[in-house]
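Line by line, the protein sequences are chains A and B.
The first sequence begins at 352 in this note's numbering and counts up one residue at a time.
The second sequence begins at 352 in this note's numbering and counts up one residue at a time.
Backbone N, C-alpha and C fix where the C-beta goes; we use that ideal spot for every residue, glycine too.
2 protein chains.
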Amino acid sequence: MITLKTPYLLFTGDAQNRVNAKTATGIADFKPENCLGYYGLPEATLELDNLPKLSIKDAAAQGAKTFVIGLANSGGFIADNWVPAILEAIELGLDIASGLHKKLEDVPEIKNAAEKHGVSLHNVRHCTTELVTGSGNKRTGKRILTVGTDCSVGKMYTALVTEKALNNAGKKAHFVATGQTGILVAGSGIAIDAVISDFISGAVEMISPDIPEDEFQVIEGQGSLFHPSFAGVSLGLLHGSSADYIIMCHDPSREHMRHLPDYPVVSLKECIERNILMGSLTNPNIKCLGIACNTSSMPEADAKAYLEKISNELNLPATDPFRFGAESLITELC
Amino acid sequence: MITLKTPYLLFTGDAQNRVNAKTATGIADFKPENCLGYYGLPEATLELDNLPKLSIKDAAAQGAKTFVIGLANSGGFIADNWVPAILEAIELGLDIASGLHKKLEDVPEIKNAAEKHGVSLHNVRHCTTELVTGSGNKRTGKRILTVGTDCSVGKMYTALVTEKALNNAGKKAHFVATGQTGILVAGSGIAIDAVISDFISGAVEMISPDIPEDEFQVIEGQGSLFHPSFAGVSLGLLHGSSADYIIMCHDPSREHMRHLPDYPVVSLKECIERNILMGSLTNPNIKCLGIACNTSSMPEADAKAYLEKISNELNLPATDPFRFGAESLITELC
Numbered sequence: 352m353i354t355l356k357t358p359y360l361l362f363t364g365d366a367q368n369r370v371n372a373k374t375a376t377g378i379a380d381f382k383p384e385n386c387l388g389y390y391g392l393p394e395a396t397l398e399l400d401n402l403p404k405l406s407i408k409d410a411a412a413q414g415a416k417t418f419v420i421g422l423a424n425s426g427g428f429i430a431d432n433w434v435p436a437i438l439e440a441i442e443l444g445l446d447i448a449s450g451l452h453k454k455l456e457d458v459p460e461i462k463n464a465a466e467k468h469g470v471s472l473h474n475v476r477h478c479t480t481e482l483v484t485g486s487g488n489k490r491t492g493k494r495i496l497t498v499g500t501d502c503s504v505g506k507m508y509t510a511l512v513t514e515k516a517l518n519n520a521g522k523k524a525h526f527v528a529t530g531q532t533g534i535l536v537a538g539s540g541i542a543i544d545a546v547i548s549d550f551i552s553g554a555v556e557m558i559s560p561d562i563p564e565d566e567f568q569v570i571e572g573q574g575s576l577f578h579p580s581f582a583g584v585s586l587g588l589l590h591g592s593s594a595d596y597i598i599m600c601h602d603p604s605r606e607h608m609r610h611l612p613d614y615p616v617v618s619l620k621e622c623i624e625r626n627i628l629m630g631s632l633t634n635p636n637i638k639c640l641g642i643a644c645n646t647s648s649m650p651e652a653d654a655k656a657y658l659e660k661i662s663n664e665l666n667l668p669a670t671d672p673f674r675f676g677a678e679s680l681i682t683e684l685c
Numbered sequence: 352m353i354t355l356k357t358p359y360l361l362f363t364g365d366a367q368n369r370v371n372a373k374t375a376t377g378i379a380d381f382k383p384e385n386c387l388g389y390y391g392l393p394e395a396t397l398e399l400d401n402l403p404k405l406s407i408k409d410a411a412a413q414g415a416k417t418f419v420i421g422l423a424n425s426g427g428f429i430a431d432n433w434v435p436a437i438l439e440a441i442e443l444g445l446d447i448a449s450g451l452h453k454k455l456e457d458v459p460e461i462k463n464a465a466e467k468h469g470v471s472l473h474n475v476r477h478c479t480t481e482l483v484t485g486s487g488n489k490r491t492g493k494r495i496l497t498v499g500t501d502c503s504v505g506k507m508y509t510a511l512v513t514e515k516a517l518n519n520a521g522k523k524a525h526f527v528a529t530g531q532t533g534i535l536v537a538g539s540g541i542a543i544d545a546v547i548s549d550f551i552s553g554a555v556e557m558i559s560p561d562i563p564e565d566e567f568q569v570i571e572g573q574g575s576l577f578h579p580s581f582a583g584v585s586l587g588l589l590h591g592s593s594a595d596y597i598i599m600c601h602d603p604s605r606e607h608m609r610h611l612p613d614y615p616v617v618s619l620k621e622c623i624e625r626n627i628l629m630g631s632l633t634n635p636n637i638k639c640l641g642i643a644c645n646t647s648s649m650p651e652a653d654a655k656a657y658l659e660k661i662s663n664e665l666n667l668p669a670t671d672p673f674r675f676g677a678e679s680l681i682t683e684l685c
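In structure tokens, the structure reads:
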């Protein structure tokens, strides 16, 4: 399992908006306490409201331990104009963490500088942890897994706000990251879609070990049992988590499964039932806490009407956690 | 995808029996046409009935292209006393193929000799192929996937005898290997449990491409939808294969899921229904051709009575393909 040293200096590169730097903004939104501040190149126009802008030198002097590349570009490569800043951070003794597809050490100057200065390069999208196959064993404590009707429907976001809602309600809850952005936010985890397939459930068991009986792990789901490209990952995650509870994540504006126009989105009812059916192998008591929808495509009144409709149809709480909070999802746990 | 050059020289090492050299015996049983012969160390007592015993030198002179390590040991390592024979084969220009867990190049003498003589080292349990994620697209031709109630219940064996039965019946059928022994038998394939989990279904799509409409691919299954350690692999394989047909493999003597005493073996009926349910995502016309049982624990009369009973209960053909052939499984295809 990757574990990153905190505090972070977030690198926003040449970002012009939040989408360019969605990793940095995700960390700033959910774990500002892990960050000293952020550093952007002179050409960047993005500003993060809740963190100070720092030079790399000042951040190092204040004790920054990891320089987190907060950008996502298509292709997932390290842009040439980011390299001088990365090298400066290395020279000042900071580890580097990246959620990009390309590995940091594939840039020779970065590799050489890291060796010279004895810092670690963390490629959180890649898995180097020694893993074992899953055991199917139950662990102590309670586990909540966010699942979805499709990819990219808010499973990480929902897990993070559920963690926060539980903590706000006086419960001890821990977010468990299974994807690259989640790992950078949480500071630890395993990118489940990057492990060797034999070890999917074993890796999930490793990152969600025994906890006290009255505590919660909120595990970030991946993919969907109904996505032909990634359902194997989703099933291994479901089995490895031994989920006591699932939260179903959904985007009502999605017209077909992501990148697959021939595959319509499954109904919420069928998707919930199928996750319960398949998840019951490793936890016969698995149940659904509710539905988390991304209603950003709807005016607020329409969103509320839609959520009320599906809540009544499925006899489960339904919310848009970004707009209306996640409290309704955890009512029965508090 | 790994593709091995034929003909092979099978290496039986110091094997005392068929179990020690189950890879070699599997290849000799199913693809003797790919083999020039076999070579065992002086201390080996195992003999293969249908192939000549050859020295490495004679095999090389007769045109052997790949020296296949036909042994499986617990731990999956390259035993010290196998190394001189491997080095001799390399010096004579043969590629080396291994289904062991440890990589051939992890033995420095083997790595150095292979570089010096320009031969390939194939570690078929490892996947180095560049893969893409699954598309969920249908391909032309028909696909049969062997699935199972558990691991190690005869899915490779059943796929190979089904291929043979179809070919004997005048159909064109091709075995598609997804595990290390299957790859060595077939000479090509991808070890699905060794691919990065994001690519499970994509890898299966790659090894089962379009074929003429009247031909068959018989795809070797892995694991079980009901095995908590490996169900993700099984589901990715089911989706990636877009199976038109499944054959359910079962060992009636199995008391619990392999290595997991707390997990009872699922019923045949439930396992067939679940594979149909999950497989229908990528092929709504998926159906079960029948049941292939390993009845080696029963006297012949008991085995026949058992097969008749389950055939009647499930209204499907049921056979032990080793004892009674696979013809009954393919009746409706011929």
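Under the Cβ distance rule, Pro668 of chain A does not count among the residues neighbouring chain B, no pair being separated by less than 8 Å.
By the beta-carbon neighbour count (other beta carbons within 10 angstroms, threshold 16), Ala430 of chain A is exposed. Closest by C-alpha distance to Gly641 of chain B, out of B:Glu664, B:Pro650 and B:Asp653, is B:Glu664. Beta-bridge analysis with DSSP links Ala448 of chain A to A:Val419 and A:His473. Under the Cβ distance rule, Ile551 of chain A counts among the residues neighbouring chain B, one pair being separated by less than 8 Å. Chain order gives the chain B residues near Ile547 of chain A as Asp544, Ala545, Val546, Ile547 and Ser548, where near means a beta carbon separation below 8 Å. Scanning A:Asp613, A:Gly499 and A:Phe550 for the CA closest to the CA of Glu481 of chain A turns up A:Phe550.
Nearest neighbour of Ser503 of chain A by Cα position, chosen from A:Pro603, A:Val458, A:Ala372 and A:Phe675, turns out to be A:Pro603. Comparing alpha-carbon positions, the option among B:Tyr614, B:Ser631 and B:Ile534 lying closest to Tyr614 of chain A turns out to be B:Ser631. Judged by pairs of C-beta atoms under 8 Å, the region 564 to 573 of chain A touches the region 477 to 495 of chain A, as three or more such pairs exist. Taking the C-beta atoms as reference points, Gly530 of chain B is found nearer than 8 Å to Ala542 of chain B.
The beta carbon of Ala410 of chain A lies closer than 7 Å to those of Leu360, Leu387, Gly388 and Tyr390 in the same chain, with the five residues before and after it left out. DSSP places Glu651 of chain A in the helix class (H, G or I) of the three-state scheme.
Straight across, the Cα-Cα distance linking Val458 of chain A with Met599 of chain B is about 49 Å. Cβ-Cβ separation between Ile558 of chain A and Gly540 of chain A: approximately 6 Å, consistent with a contact (criterion under 8 Å). Contact annotation: the region 378 to 386 of chain B does not touch the region 643 to 661 of chain A, with fewer than three C-beta pairs closer than 8 Å. In the structure shown, the three-state DSSP call for Phe567 of chain B is strand. Among the residues of chain A, those whose CB is under 7 Å from the CB of Val584 of chain B are Ser548, Asp549 and Gly583, following chain order. Not flagged as an interface residue toward chain B: Gly540 of chain A, since no C-beta distance is shorter than 8 Å. In this structure, Ile420 of chain A sits near Ala448 of chain A, with a CB-CB distance shorter than 8 Å.
In the DSSP assignment, Arg625 of chain A falls outside any beta strand (DSSP E) and within the unbroken alpha helix (DSSP H) covering Leu619 to Gly630. Closest in C-alpha terms to Ile681 of chain B, from the list B:Lys660, B:Thr497 and B:Asn432, comes B:Thr497. Below the 8 Å Cβ cutoff, chain A contributes Leu632 as neighbours of Phe577 of chain B, in chain order. Residue environment for Pro579 of chain A: buried (at least 16 other C-beta atoms within 10 angstroms of its C-beta). Listed as beta-bridge partners of Phe526 of chain B by DSSP are B:Val569. The Cβ-Cβ distance between Gly450 of chain B and Leu535 of chain B falls below 8 Å. From the listed residues A:Phe526, A:Val370, A:Glu678 and A:Lys522, the smallest Cα separation to Leu397 of chain A is found for A:Val370.
About 7 Å separates the CB atoms of Thr500 of chain B and Leu619 of chain B; that is less than 8 Å, so the two are in contact. With its beta carbon at least 8 Å from every one in chain B, His468 of chain A lies outside the interface. One alpha carbon belongs to Cys622 of chain B, the other to Val569 of chain B, and they sit about 20 Å apart. The three-state secondary structure of Gly391 of chain A, taken from DSSP, is strand. Within the same chain, Ile597, Ile637, Lys638 and Cys639 come within 8 Å of Ile627 of chain A by CB-CB distance, once the 5 residues on both sides are set aside.
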